[in-house]
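K.L.:
Have a look at the structure that comes next, please.
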Amino acid sequence: MEKPDKRIRDFIKEHHVLTLATSQNGQPWCANCFYAYHEDENVLIFTSDDETRHIQEALANQQVAASIVLETGVVGKIRGLQITGKLELPEGELSGKVKKRYLKKFPYAALMDTKLWVLLIESMKMTDNRLGFGKKLYWPS
Numbered sequence: 001m002e003k004p005d006k007r008i009r010d011f012i013k014e015h016h017v018l019t020l021a022t023s024q025n026g027q028p029w030c031a032n033c034f035y036a037y038h039e040d041e042n043v044l045i046f047t048s049d050d051e052t053r054h055i056q057e058a059l060a061n062q063q064v065a066a067s068i069v070l071e072t073g074v075v076g077k078i079r080g081l082q083i084t085g086k087l088e089l090p091e092g093e094l095s096g097k098v099k100k101r102y103l104k105k106f107p108y109a110a111l112m113d114t115k116l117w118v119l120l121i122e123s124m125k126m127t128d129n130r131l132g133f134g135k136k137l138y139w140p141s
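Start counting the sequence shown at 1; every next residue gets the next number (this note's numbering).
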């Protein structure tokens, strides 16, 4: 599959907090997580403990959503990304790749006792008002 548009990839790399959305028994939940992006694998990487509500819900239902936004009050500068995908524990070769990438962005995480998780991105929609009011970029396109 083709890589996401460079403008989407650059936007992801410019930021470091995503909002992860999960649900269980019809009850939605959001959690904010520091993340790193592994562009070659097209995954978002974050740490979280097994006991957290969002991980418990994701273990029961791997299909999750996420968003990354630029906080601005200027309508012409609004940018945001909506994502759908599956949450997994990385295994094998992927585990080493994502750990290296996450620690490069957040070296202090080496001192933490937590697990790395990956959001395997299935689709993305980016709104970028700098390209025109309400302009959308999609992946896959």
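Virtual Cβ for every residue (Gly too), placed ideally from N, Cα, C.
1. Comparing C-alpha positions only, which one of 66, 67, 52 sits nearest to residue 60?
2. Quick check: the Cα distance between residue 128 and residue 42, rounded to an integer number of angstroms?
3. Whose CA, out of 130, 25, 37, 3, lies closest to the CA of residue 100?
4. Rounded to whole angstroms, what's the CA-CA distance from residue 49 to residue 115? Just pull it up for me.
5. What span of residues does the alpha helix (DSSP H) with residue 12 cover, start to end?
6. At 4 residues or longer, what runs of the alpha helix (DSSP H) sit wholly inside the segment 10-61?
7. Kindly indicate which three-state DSSP category residue 141 falls into: helix, strand or coil?
8. When you compare the segment 118-126 with the segment 81-96, are there three or more beta-carbon pairs, one atom per stretch, that lie closer than 8 Å?
9. Whose C-beta lies closer than 6 Å to the C-beta of residue 32 among residues of the same chain, with five residues either side of it excluded?
10. In terms of residues, what are the limits of the alpha helix (DSSP H) holding residue 98?
P.N.:
On the basis of the coordinates in this document:
1. Reading the sequence shown from its first residue, position 60 is the one you call residue 60. Comparing Cα positions, the closest option is 52.
2. Translated into the one-based positions of the sequence shown, residue 128 becomes position 128. Translated into the one-based positions of the sequence shown, residue 42 becomes position 42. Whole-angstrom Cα-Cα distance: 20 Å.
3. Looking up residue 100 in the sequence shown gives position 100. When each option's Cα is compared against that of residue 100, the closest is 37.
4. Here residue 49 refers to the residue found at position 49 of the sequence shown. Here residue 115 refers to the residue found at position 115 of the sequence shown. Their backbone Cα atoms lie some 6 Å apart in a straight line.
5. Indexing the sequence shown from 1 puts residue 12 at position 12. Start and end: 6-14.
6. Runs found: 53-60.
7. Sequence index remark: in the sequence shown, residue 141 carries index 141 (1-based). Here residue 141 sits in coil by DSSP.
8. Yes, the segment 118-126 is in contact with the segment 81-96.
9. As a working mapping, residue 32 is identified with position 32 in the sequence shown. Excluding sequence neighbours, residue 32 sits near 17, 19.
10. Position 98 of the sequence shown holds residue 98. Looking at the DSSP string, the run of the alpha helix (DSSP H) that includes residue 98 is 92-105.
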